[in-house]
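Read through the structure below, which is laid out as structure tokens, and then see the notes.
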Amino acid sequence: MTDRDTLGRKEIAAWLELAADALQAARDALTELDAAIGDADHGFNMDRGFQKVRSLLPTLSQQDIGSMLKSVGMALIGSVGGAAGPLYGTGFLRAAAVTSGQQELSPEAVGSMLKAMLAGIVERGRATPGAKTMVDAMTPAVEAYDRAQTTGAGLCPALQAAVDAAEEGVRATIPMQATKGRASYLGERSIGHQDPGATSCALLLKALHSAVCRGRNA
Ligand SMILES: Nc1ncnc2c1ncn2[C@@H]1O[C@H](COP(=O)(O)OP(=O)(O)O)[C@@H](O)[C@H]1O
Ligand SMILES: [Mg+2]
Numbered sequence: 010m011t012d013r014d015t016l017g018r019k020e021i022a023a024w025l026e027l028a029a030d031a032l033q034a035a036r037d038a039l040t041e042l043d044a045a046i047g048d049a050d051h052g053f054n055m056d057r058g059f060q061k062v063r064s065l066l067p068t069l070s071q072q073d074i075g076s077m078l079k080s081v082g083m084a085l086i087g088s089v090g091g092a093a094g095p096l097y098g099t100g101f102l103r104a105a106a107v108t109s110g111q112q113e114l115s116p117e118a119v120g121s122m123l124k125a126m127l128a129g130i131v132e133r134g135r136a137t138p139g140a141k142t143m144v145d146a147m148t149p150a151v152e153a154y155d156r157a158q159t160t161g162a163g164l165c166p167a168l169q170a171a172v173d174a175a176e177e178g179v180r181a182t183i184p185m186q187a188t189k190g191r192a193s194y195l196g197e198r199s200i201g202h203q204d205p206g207a208t209s210c211a212l213l214l215k216a217l218h219s220a221v222c223r224g225r226n227a
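The number in our numbering is simply the position in the sequence shown, starting from 1, with 9 added.
Written out as structure tokens, the structure is:
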């Protein structure tokens with residue numbers, strides 16, 4: 010155990026930085042996934058959005074967590090073309106609303122943040138689980154985090170459970186037929202391909218886990 014099982018502003022900044030690194034590294038792979046069932050821009054979109062977020066980091070780190078997440082949401086809505094920008098952007102804005110004025114988040118508050126992010130994505134995109142979207146990674150992640158919390162797990166084990174569930178959710182998109190977003194235009198031809206948005210969602214959660222848990226034992 011650590012003496013301080015919370016997520017602070019420094020870790021939010023580290024999350025955003027690691028997310029920008031991960032999305033940059035995955036840019037071509039995400040674009041390739043989107044080439045198969047979309048319009049080959051998801052990697053480019055996400056990389057552009059998070060490089061914009063990276064450029065804001067020096068000013069963001071002076072702010073409370075809610076303000077940081079709000080700036081991220083606005084940056085993503087403003088700079089990411091396609092469906093993913095407004096979806097992730099709305100997710101970050103909802104996450105900002107439940108962390109307003111906070112300097113540090115308890116494990117429960119992190120759970121509320123993740124839940125709010127998912128609610129924002131669903132509110133904006135109206136996708137239900139099984140539609141082959143980012144919701145298919147985020148929903149099991151939020152559920153796994155909650156389950157870990159209710160069995161008394163600390164922040165890092167709960168985040169690890171969320172990452173594992175998201176990655177499982179990504180794999181589960183492969184046999185799905187898309188019923189939302191651009192991939193739905195393909196009908197049955199969308200079957201057999203991994204969803205790019207679910208993939209980027211798992212990368213975002215993995216970056217959160219790394220930012221909070223590297224260097225911690227628990
Ligand atoms: N209605 C929706 N709800 C949730 N996620 C969606 C929705 N529509 C699309 N997505 C996600 O967005 C991803 C595509 O993002 P992107 O390529 O950036 O946008 P676009 O489809 O406009 O080119 C998909 O892989 C899917 O995960
Ligand atoms: Mg696309």
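Cβ atoms here follow ideal geometry from the backbone N, Cα and C, with glycine treated the same way.
Is the beta carbon of Arg191 less than 8 Å from the beta carbon of Gly47?
Gly47 is positioned such that its CB atom lies closer than 8 Å to that of Arg191.
Rounded to a whole number of angstroms, what is the C-alpha to C-alpha distance between Ser115 and Glu177?
26 Å
CA-to-CA distance, Lys189 to Tyr97, given in whole angstroms:
15 Å
Could you name the residues of the same chain whose beta carbon sits closer than 7 Å to that of Lys19, not counting the 5 residues immediately before and after it, in chain order?
none
If you count every other CB in all the chains shown that lies within 10 Å of the CB of Gly87, and 16 or more means buried, which is it?
exposed
Name the DSSP beta bridge partners of Gly178, please?
Beta-bridge pairing links Gly178 to no other residue.
By Cβ distance, which residues of its chain are closer than 6 Å to Gly90, with the 5 residues on each side in sequence left out?
The beta carbon of Gly90 lies closer than 6 Å to those of Asn54 in the same chain, with the five residues before and after it left out.
Alpha carbon to alpha carbon, what distance is there between Phe101 and Leu85?
9 Å
Go through its chain and collect everything with a Cβ distance to Val221's Cβ below 7 Å, but skip five positions before and after it.
Leu16, Glu20, Leu164, Cys165 and Leu168
Would you report the Cα separation of Met10 and Ile183, rounded to the nearest angstrom?
Note that Met10 has pLDDT 42, beneath the 50 cutoff, so the model's placement of it is unreliable and the number below is only indicative. The straight-line gap from Cα to Cα measures roughly 37 Å.
Where Gly17 sits in the DSSP three-state scheme:
Here Gly17 sits in strand by DSSP.
Excluding the five sequence neighbours on either side, which residues of its own chain have a C-beta within less than 8 Å of the C-beta of Asp37, listed in chain order?
Gly52
Any chance the CB of Ala104 is under 7 Å from a heavy atom of ligand 1?
Taking non-hydrogen atoms of ligand 1 into account, the C-beta of Ala104 is found less than 7 Å away from none of them.
Let me check understanding here. Comparing Cα to Cα, which of Leu195, Leu212 and Gln72 lies closest to Ala146?
Leu212
Using a threshold of 8 Å, state whether the C-beta atoms of Gly82 and Thr99 are closer than that.
yes
Which residues in the same chain have their Cβ closer than 8 Å to the Cβ of Leu195, if we skip the five residues on either side of it in sequence?
Ile46 and Ala187
In whole angstroms, what is the alpha-carbon distance linking Met185 and Ala140?
7 Å
Lys215 to Glu26, Cα distance in whole Å?
12 Å
Alpha-carbon to alpha-carbon, Asp155 and Phe59:
27 Å
So, are the CB atoms of Ala105 and Leu123 less than 8 Å apart?
In this structure, Ala105 sits away from Leu123, with a CB-CB distance that is not shorter than 8 Å.
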